[in-house]
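Undergrad: Reminder that position 301 of the sequence shown reads as 301 in this note's numbering, one-by-one numbering, no gaps. Note that the Cβ used here is the ideal one computed from N, Cα and C, for glycine as well.
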Amino acid sequence: MRIALLQLNLLVGDIEGNAERILKAVRTITEPVDLIITSELALVGYPAKDLLFNYALIDRCRLQLERLAQDLNGGPAMLVGAPELNLSGMGKPLFNSTFLLHEGLIKASFQKKLLPNYDVFDEARYFESSKESQIMELAGKMVGITICEDIWNDHLFKASPLYATNPLSDLRAQGVEVVVNLSSSPFSLGKNKQKEAMLQSIAKKSKVPLVYVNQVGGNDDLIFDGRSMAYDGQGNKLAQGRLFEEDVIIVDLYDPQGVVEPEYDEDAEIFGALVTGTRDYIHKCGFKKACLGLSGGIDSALVAVIAAHALGPENVTALMMPSRHSSQGSLDDSKELAQRLGVVAKEVPIGPLMSSFDASLKGLFGAEPQGLTAENLQARIRGNLLMALSNEENSLLLSTGNKSELSVGYCTIYGDMAGALAVISDLPKSRVYRMARWINAHHGNPIPEEILTKAPSAELRPDQKDQDSLPDYDTLDAILLRFIEQRLSGQEIIDEGFDAEMVWDIIRKVRGAEFKRKQSPPGLKIHELAFGTGWRMPLAAKTL
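Here you go:
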C-alpha cells in the first residue's frame, strides 16, 4: 500500500484557501498511490477555537469537501480532516472528523474518540466524542482511522493512561492491518523523542504499519513542526517529513527503505520554531514587516536575529532609544548588530521626552519622579515611540522580554511589554545566552561579543545591573523551572537545597506578576508549559 502524506502550512479559517493548498499539494504527486492523507482539521486549520461556533463556516467546509471530491475524481482515495455537524441531537454540536473522498463523492466520515482538555487543548468545548471504532477497507486492507489524541493513550506504551478508552485496543481487536493518524500536534522541546518512541512502540506491538501526518507552521502561540512519519509492522521507520517545512511524503508500507535519521539539536529546533512562529504570525495576521527596540542587550539582539531570518532583514526596523542612563557601549553594540544583520536601524534619543515628563509630573507629585516611577517612565516612553513606528510603517511590534523576567515581573506593562508578539517569552534567560552563542556559531556571528559578555542591565538608572534585583539567572531559572513547569511547591524546592528566603521571594514575585502577564502579547510556545493558552491562573487570589 502506497500512501501520500500532505504536511501543509494551513491558515485558520481560510476554508477555500486551505482547500486550494490541499489540491495544489495533491497535484505534485506524480507516482501512483492508494491513499492521500491530510493533517487533523486541515480544511479549517488548527486550532480554530471559537470560530467553530460559526456554523456557516461548517457549511463552507462541507461545500469545499464536495468540491475537492469532484476535483479529485478519478484519482486515489483521500482522507481530509474537517469539522462535522453532529446530527444526533445529543451532546456537543460538532465532531472532529476526517472525510473519505473517492470517485467524486464524500464516501464516509470518521470521528475522533479522545478529546484533549488540558494545557493548550480545549476540544471538549466544541466536539462530541465518537463511541465507534473507525475502520475502512482500502486496497484489500482493513485501515484503522485515528485522529491525533486517539493514539496518545495506548495502554501498551503509557504507564498512566489519561482516558479509560483506548482506541488502539479496539482497532487491534478488530484486526486492522494499517493504522493512520491525522494530527495537529504542537511542538515543544523534547516532545519529538517521546513521540517517536510512542509511534515506534505502537507499530511494533500492534504488528501493523502506522502512518502519522502532522500539520506544520505557526498558528498564534502554537508552532507545528511537521515531521510526519511512517513505520512498518516491526517498528522500523519508513519515512519522515521535513522539520518546520511543508512536505509531501510518499511511502510504501510494505517496501522497507532506509531513512536518514536527523541528529537532535535542541538549539536548532528552538531556532527553527521561533523563526517559523514569528514568520507565520506576522504573515497570517496580514503584515509583512516587524519592528523592535534595540537596547544593546542580549534579549533584543536575539529577537532581531530571529526577525531578520523570519522576514528578511529589509523588513525589520530596529529602533535605538538611548536615555541619559544608556551607555555608549550599548548604543555602539546595537549599531554593530544592526549592521551585521542588515536590518533598518533608526535612532531617537529619549532625553528630551524624559525631561518633558519630569516637568509635567513635578506639578503633580511636587517633585520630579524618582525610583521605580522614573524607571518605568523610560520604558513607557520607548513603548510609545515603538507603537508610533509600528503604526507609521504598518509593521508589527515584537516585544523582547524573556521567560525569566516575565515570570517575576521584571518588565514594565505598557513599556517593554508593548507589542503584538512576545517572541522569546518562553525562553529562560540562561537559554537566551545559549541560543545566542549557537546562532553565532551557525549563522555567521551576527551578535557582537560585547553583548554576550557584559552584565545584563535594563539601564534605567546609573550603573544598574539585573542582579541588583534578581538572583543570578542560572539560580533563578532553576527555581522557576521547578515551580512553573515541574509544579513543585516552595517547600519541595527548598528541600532540594535552594535558599528558603530566595525561593519564597521568587514565588511571591511570580504570583504578583500574574496581572502583567495577562496583558502581555501572545508568546511563542517552546516548552511543555508556557505562559499563554495553557496557563490559566486566577488574578485575584490568595496563593501563598
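Which residue marks the beginning of the beta strand (DSSP E) containing tyrosine 231, and which one marks its end?
TA: 229-231
Undergrad: Is it true that the CB of methionine 1 sits closer than 7 angstroms to the CB of leucine 253?
TA: Yes.
Undergrad: Pick helix, strand or coil for isoleucine 282, following the three-state DSSP scheme.
TA: Three-state DSSP puts isoleucine 282 in a helix.
Undergrad: Considering only residues of the segment 340-410, which uninterrupted alpha helix (DSSP H) runs meet the minimum length of 4 residues and lie entirely inside it, listed in chain order?
TA: Within the segment 340-410, the alpha helix (DSSP H) runs of at least 4 residues that lie entirely inside it are, in chain order, 351-365, 371-393, 403-408.
Undergrad: Should phenylalanine 95 and phenylalanine 121 be called a contact, given that it needs their Cβ atoms to be closer than 7 angstroms?
TA: no
Undergrad: For serine 206, I'd like the list of residues in its chain whose CB is within less than 6 angstroms of its CB, leaving aside the five on either flank, ordered along the chain.
TA: Arg172
Undergrad: Out of His442, Arg437, Ile447, Asn384, point me to the one whose CA is closest to methionine 417's CA.
TA: Asn384
Undergrad: Which two residues bound the contiguous alpha helix (DSSP H) that contains glutamine 7?
TA: Per DSSP, glutamine 7 belongs to no alpha helix (DSSP H); it is in the beta strand (DSSP E), 2-7.
Undergrad: Would you kindly check if the distance between the Cβ of aspartate 221 and the Cβ of proline 428 is under 7 angstroms?
TA: No, Cβ-Cβ distance for proline 428 and aspartate 221 is not below 7 angstroms.
Undergrad: What residues in its chain sit with their C-beta under 7 angstroms from that of serine 130, if we drop five residues either side in the sequence?
TA: Phe95, Gln111, Lys112, Lys113
Undergrad: Since I believe threonine 38 is in contact with leucine 6 (beta carbons under 8 angstroms), could you give me their beta-carbon distance rounded to a whole number of angstroms?
TA: With a Cβ gap of about 5 angstroms, leucine 6 and threonine 38 count as contacting.
Undergrad: Mapping DSSP to helix, strand and coil, what is aspartate 170?
TA: helix
Undergrad: Please state whether the Cβ-Cβ distance between phenylalanine 99 and leucine 65 is less than 7 angstroms.
TA: Yes, they are a contact pair.
Undergrad: From what residue to what residue does the beta strand (DSSP E) around glutamate 84 run?
TA: 77-85 is the span of the beta strand (DSSP E), which, as asked, contains glutamate 84.
Undergrad: Alpha carbon to alpha carbon, how far is alanine 374 from serine 300?
TA: 22 angstroms
Undergrad: Which residue's Cα is closest to the Cα of glutamate 269: Ser188, Ala290, Leu319, Pro209?
TA: Ser188
Undergrad: What are the partner residues of aspartate 474, as DSSP defines its beta bridges?
TA: Aspartate 474 pairs with nothing; no bridge assigned.
Undergrad: Pick out whichever of Glu16, Ile15, Arg21 has its Cα sitting closest to the Cα of leucine 8.
TA: Arg21
Undergrad: Evaluate proline 47 with the Cβ neighbour count: other Cβ atoms within 10 Å of its Cβ, from every protein chain shown; 16 or more gives buried, anything less gives exposed.
TA: buried
Undergrad: Go ahead and label leucine 476 buried or exposed: buried means 16 or more other beta carbons lie within 10 angstroms of its beta carbon, across all protein chains shown.
TA: buried
Undergrad: Could you pull out every residue in the same chain whose Cβ sits closer than 7 angstroms to the Cβ of threonine 412, ignoring the five residues on either side in sequence?
TA: Asn376, Ala379, Arg380
Undergrad: I'd like the span of the beta strand (DSSP E) that includes glutamine 111, first residue to last.
TA: 105-111
Undergrad: CA-CA distance, valine 275 and proline 32?
TA: 35 angstroms
Undergrad: If serine 334 sits next to serine 295, beta carbons under 8 angstroms apart, how far is it from one beta carbon to the other, in whole angstroms?
TA: 7 angstroms
Undergrad: Below 8 angstroms CB to CB, which residues in the same chain sit around threonine 596 once its five sequence neighbours on both sides are set aside?
TA: Only positions 1 to 544 of the chain appear in the structure, and residue 596 is not among them; the question remains open.
Undergrad: Just to confirm before moving on: does the CB-CB distance between isoleucine 106 and leucine 85 stay below 7 angstroms?
TA: no
Undergrad: Who are the Cβ neighbours of aspartate 280 in its own chain at under 6 angstroms, not counting the five residues just before and after it?
TA: Only Gly217, Gly218 meet the Cβ criterion.
Undergrad: Quick one: what does DSSP say threonine 146 is sitting in, helix, strand or coil?
TA: Here threonine 146 sits in strand by DSSP.
Undergrad: Go to asparagine 96, then tell me how far its beta strand (DSSP E) extends in each direction, as first and last residue.
TA: 94-102
Undergrad: Can you list, in chain order, the residues of its chain whose CB lies under 8 angstroms from that of leucine 311, leaving out five sequence neighbours each side?
TA: Thr278, Arg279, Ile282, Lys288, Lys289, Ala290
Undergrad: Expressed to the nearest angstrom, what Euclidean distance is found between the alpha-carbon atoms of leucine 68 and threonine 400?
TA: C-alpha separation (whole angstroms): 43 angstroms.
Undergrad: Helix or strand or just coil, what does DSSP make of glutamine 240?
TA: In the structure shown, the three-state DSSP call for glutamine 240 is strand.
Undergrad: Would glutamine 240 be called buried (16 or more neighbouring beta carbons within 10 Å of its own) or exposed?
TA: buried
Undergrad: Can you check which of these residues, Leu210, Ala230, Lys191, is closest to isoleucine 563 by C-alpha distance?
TA: It is not possible to answer for residue 563, since the shown part of the chain is limited to 1 through 544.
Undergrad: What are the start and end residues of each continuous alpha helix (DSSP H) run of 4 or more residues lying completely inside the segment 508-544, in chain order?
TA: Listed in chain order, they are 514-518.
Undergrad: Apart from the five residues just before and just after proline 186, which ones in its own chain have a Cβ nearer than 7 angstroms to its Cβ?
TA: Val120, Leu222, Ile223, Phe224, Lys525
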